[in-house]
Amino acid sequence: MTEAERDDARGLQIDRAIHEPARLLITAHLYVVESADYVFLMGNTGLTWGNLSSHLSKLEATGYVEITKEFVEKKPHTMVKLTEEGRTAFDTYRRQMKALFEDLPD
Amino acid sequence: MPASPGLRELERRVWLRTFEHGLWDVAIGLLLLAFGIGILTEFYWLSAIIVPVSLPAMRDLARRAIVPRIGHATFRGRRKRSLVHVQLILTGLAVAGAGMFAFTSFASRGTAPDWMLWIRSHFIVVIGLIWGGALGVAGWTVDFPRLYAYGAILFGALLAVDLIPSGYHLAHALIAVGGLIALVGAALFIRFTRRYPRHPKPLEGAADD
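In order, the protein sequence lines correspond to chains A and B. All residue numbers for the first sequence refer to numbering that gives the first Met the number 0, where the first residue is 0 and numbers rise by one. All residue numbers for the second sequence refer to numbering that gives the first Met the number 0, where the first residue is 0 and numbers rise by one.
Below you can see the structure in the form of structure tokens.
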């Protein structure tokens, strides 16, 4: 049984694509903007280029982010945007976490 | 352990970071300087060309000096609209300033109604209220508190012109306040370039984990 399946069995259906700390940071930053480039995300999340690239690939594979590569003055420039699906998933995750922690006894 | 910011605070921090570079301050300072120098030298066209010349120049400088340091992000909803609003306000400042000069020349005619004559006699305070108020509104629109201080300083300087009997002219006040704001902007820009060095850009897709 995987950890995700164990969580499901406990009634916790956490989106692991978002739940991982680095990806949570990335999605939170993308949630508050419309789109951002790599340098912006590196500066705001503190992730290295490689780490960021690796996590963004995972988020892109789940369909949560859209990565657009363009050329500005012959230099490659990559913009990242949360898709509608990613935005909805982040909203759901946010509500789940809020409900989970608000439910804890003091 | 410091508390993590909520999403609202995170959004505000990210937004304010895009103003840390001081180029907006330099643009506002140059606008006021152009008005002041234009009045002093009677080259009134200076104030007319400053917005169409300085805004594209600032955008170009931002693309070359800011984006390689902190990157680029586009904002959503309210923030996106507020950027358009502040550009309209800055353009409005230039137009209102030029309009006030046209107004005073019209109001100096013998046929002008009393209220026009009253405005003409308190022209500098009125222009201080319009410009200071516009900077305050711009500060509120973009959630950028420094603009409140600039609005207050500008109004104070123009009020002083009205109160001090002679020797201190509108042009001097605009040059002093514009120069001060541009200098603050330049200092912020230097601090920004030191705080955020250019990102050495590795090959895209190179993973280290």
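Beta carbons are placed, not taken as given, at the ideal position from N, Cα and C, and that holds for glycine.
Interface flag, residue i vs chain A, CB-CB below 7 Å
i, result
"leucine 22 of chain B", "no"
"histidine 198 of chain B", "yes"
"leucine 9 of chain B", "yes"
"valine 141 of chain B", "no"
"valine 13 of chain B", "yes"
"glycine 5 of chain B", "no"
"aspartate 208 of chain B", "Per-residue confidence for aspartate 208 of chain B stands at a pLDDT of 33, beneath the threshold of 50, marking its modelled position as unreliable; no derived number is given."
"valine 85 of chain B", "no"
Own chain partners of residue i with C-beta closer than 7 Å, once the 5 adjacent residues on each side are dropped
i, result
"glycine 98 of chain B", "none"
"isoleucine 49 of chain B", "Leu29, Leu30, Ala33 and Ala93"
Beta-carbon contacts of residue i that lie in its chain and below 8 Å, excluding the five residues immediately before and after
i, result
"histidine 54 of chain A", "Glu19, Ala21, Arg22, Ile25 and Leu46"
"alanine 133 of chain B", "Ile88, Gly91, Leu92, Ala95 and Gly150"
Residue i at chain B interface by Cβ criterion, 7 Å
i, result
"valine 64 of chain A", "no"
Contacting residues, own chain, Cβ-Cβ under 6 Å from residue i (five flanking each side not counted)
i, result
"phenylalanine 188 of chain B", "His20 and Gly21"
"alanine 206 of chain B", "Here the model assigns alanine 206 of chain B a pLDDT of 38, short of 50, so the residue's position is not dependable, and the following value carries that caveat. Answer for alanine 206 of chain B: no residue qualifies."
"glutamate 203 of chain B", "Summary for glutamate 203 of chain B: the model assigns pLDDT 47, below 50, so the residue's position carries little reliability; its value from the coordinates is reported in the next sentence. Nothing meets the Cβ criterion."
"alanine 172 of chain B", "Ala156, Leu157 and Val160"
"tryptophan 139 of chain B", "none"
Beta strand (DSSP E) segment containing residue i, residue limits
i, result
"leucine 81 of chain A", "74–81"
"phenylalanine 191 of chain B", "It is not in any beta strand (DSSP E) - phenylalanine 191 of chain B instead sits in the alpha helix (DSSP H) that spans 169–194."
"alanine 64 of chain B", "Premise fails: alanine 64 of chain B is in no beta strand (DSSP E) and is neither H nor E."
Residue interval of the alpha helix (DSSP H) (run including residue i)
i, result
"serine 120 of chain B", "113–120"
"aspartate 161 of chain B", "145–162"
"isoleucine 17 of chain A", "15–18"
"aspartate 142 of chain B", "Run containing aspartate 142 of chain B: none; DSSP gives neither H nor E here."
"phenylalanine 34 of chain B", "22–40"
"alanine 12 of chain B", "Note that residue 12 of chain B is arginine in the sequence shown here, rather than alanine. Counting along the chain, the alpha helix (DSSP H) containing arginine 12 of chain B begins and ends at 6–16."
"glycine 49 of chain A", "48–60"
DSSP beta-bridge partners of residue i
i, result
"valine 52 of chain B", "Note: valine 52 of chain B sits in no beta bridge, so no partner."
"threonine 67 of chain A", "A/Met78"
"alanine 72 of chain B", "A/Ala35"
Interface residues of the segment 54–83 of chain B facing chain A [CB-CB below 9 Å]: Answer set for the segment 54–83 of chain B: Arg62, Val66, Pro67, Arg68, Ile69, Gly70, His71, Ala72, Thr73, Phe74, Arg75, Gly76, Arg78 and Lys79.
Taking a Cβ distance cut-off of 8 Å, strictly less, list which residues of the segment 11–43 of chain A are near chain B, in chain order. Ala27, His28, Tyr30, Val31, Val32, Glu33, Ser34, Ala35, Asp36, Tyr37, Val38, Phe39, Leu40, Met41, Gly42 and Asn43
Between the segment 167–199 of chain B and chain A, which residues of the former have a C-beta closer than 8 Å to a C-beta of the latter? Tyr195 and His198
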